[in-house]
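In UniProt numbering, the protein residues as written are 1 to 185.
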Amino acid sequence: MAQSSTETSEKQETDRTGYTKLANGIVLGPDGKPCRTCNDVKSLFAMSGKLPTKRTQSQPTTTTAAAPTLPADCPPDVEELGRSSWTLLHSITGAYPVNPSPQLQSETKSFLTTFGKLYPCWVCAEDFQAWMQKNTPRVSSRSEFGEWMCEAHNAVNEKLGKQTFDCKRWEERWRTGWKDGRCDF
């Protein structure tokens, strides 16, 4: 579908090597197509005017009325990427040593800086980098790193209008499991 002059004039900002954010919130990649890792599936389907269909061999094509989803083997949207990334980051904090060596502390800070630069959603990456500029990673212990990561996650949740998490309970959620035993095996 070709862009009209109206659509082209709606572009708000261009950043990170050719990525463009339109006035409607859709982020385009350098190729001019919607960036999968910068947009959620719901917005992409709304923009295209299509609804996803689910097909099985025993059933004809049906249109789904619920929130649109893609098959698990499709590239992630911004929401799936975010959930997966936070799971990885919190799991790293849970496995982090109680008393890490100075070398590991330095490598952890480098990892976080690099993660913020390479993150596929450029808008998210820039937000994370800006947040880290004001909130230097605290990596001198597992406890400190876990609380810092929880604070980072809460900052994103606040920006997105989501509930925040009680950072005093980060270890239960990401390392030891809940005290009620539901994570025990």
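Built from N, CA and C at the ideal position, the CB exists for glycine as well.
Exercise. Would THR176 be called buried (16 or more neighbouring beta carbons within 10 Å of its own) or exposed?
Worked result: Along the sequence shown, read from residue 1 onward, the residue named residue 176 stands at position 176. A residue is called buried when at least 16 other Cβ atoms come within 10 angstroms of its Cβ; THR176 does not meet this threshold and is exposed.
For this session: Within the same chain, show all residues whose beta-carbon is closer than 6 Å to that of TYR96, passing over the 5 residues directly before and after it, in chain order.
Result: Indexing the sequence shown from 1 puts residue 96 at position 96. Closer than 6 Å at Cβ, skipping near neighbours: ARG142 and PHE145.
For this session: Report buried or exposed for ASP31, applying the criterion of at least 16 other Cβ atoms within 10 angstroms of its Cβ.
Result: Taking the sequence shown and counting its residues from 1, the one referred to as residue 31 is at position 31. Here ASP31 is exposed: its Cβ has fewer than 16 other Cβ atoms, across all protein chains shown, within 10 Å.
Problem set entry | 8 Å CB neighbourhood of ASP184 in its chain, flanking five on each side removed | Looking up residue 184 in the sequence shown gives position 184. Once the five neighbours on either side are set aside, the close Cβ partners of ASP184 are GLY177.
For this session: Find out if the Cβ-Cβ distance for the pair LEU70, VAL41 is shorter than 7 Å.
Result: If you number the sequence shown from 1, residue 70 lands on position 70. If you number the sequence shown from 1, residue 41 lands on position 41. In contact: LEU70 and VAL41 (Cβ atoms closer than 7 Å).
For this session: Whole angstroms is fine: what's the gap from LEU112's alpha carbon to GLU172's?
Result: On the sequence shown, residue 112 is found 112 positions in, with the first residue counted as 1. On the sequence shown, residue 172 is found 172 positions in, with the first residue counted as 1. Each residue's alpha carbon lies about 23 Å from the other.
Exercise. Taking all protein chains shown into account, do 16 or more other C-beta atoms lie within 10 angstroms of the C-beta of CYS150, making it buried, or fewer, making it exposed?
Worked result: Sequence index remark: in the sequence shown, residue 150 carries index 150 (1-based). Around the beta-carbon of CYS150, 16 or more other beta-carbon atoms lie within 10 Å, marking it buried.
Exercise. Helix, strand or coil: how does DSSP classify THR64 here?
Worked result: Position 64 of the sequence shown, counting from 1, holds the residue named residue 64. Reliability fails at THR64, whose pLDDT of 44 lies under 50, so the model's placement of it is uncertain and the value that follows must be treated cautiously. Coil.
Exercise. Taking all protein chains shown into account, do 16 or more other C-beta atoms lie within 10 angstroms of the C-beta of LYS21, making it buried, or fewer, making it exposed?
Worked result: For the purposes of this step, residue 21 is taken as residue 21 along the sequence shown, with counting starting at 1. Burial call: buried.
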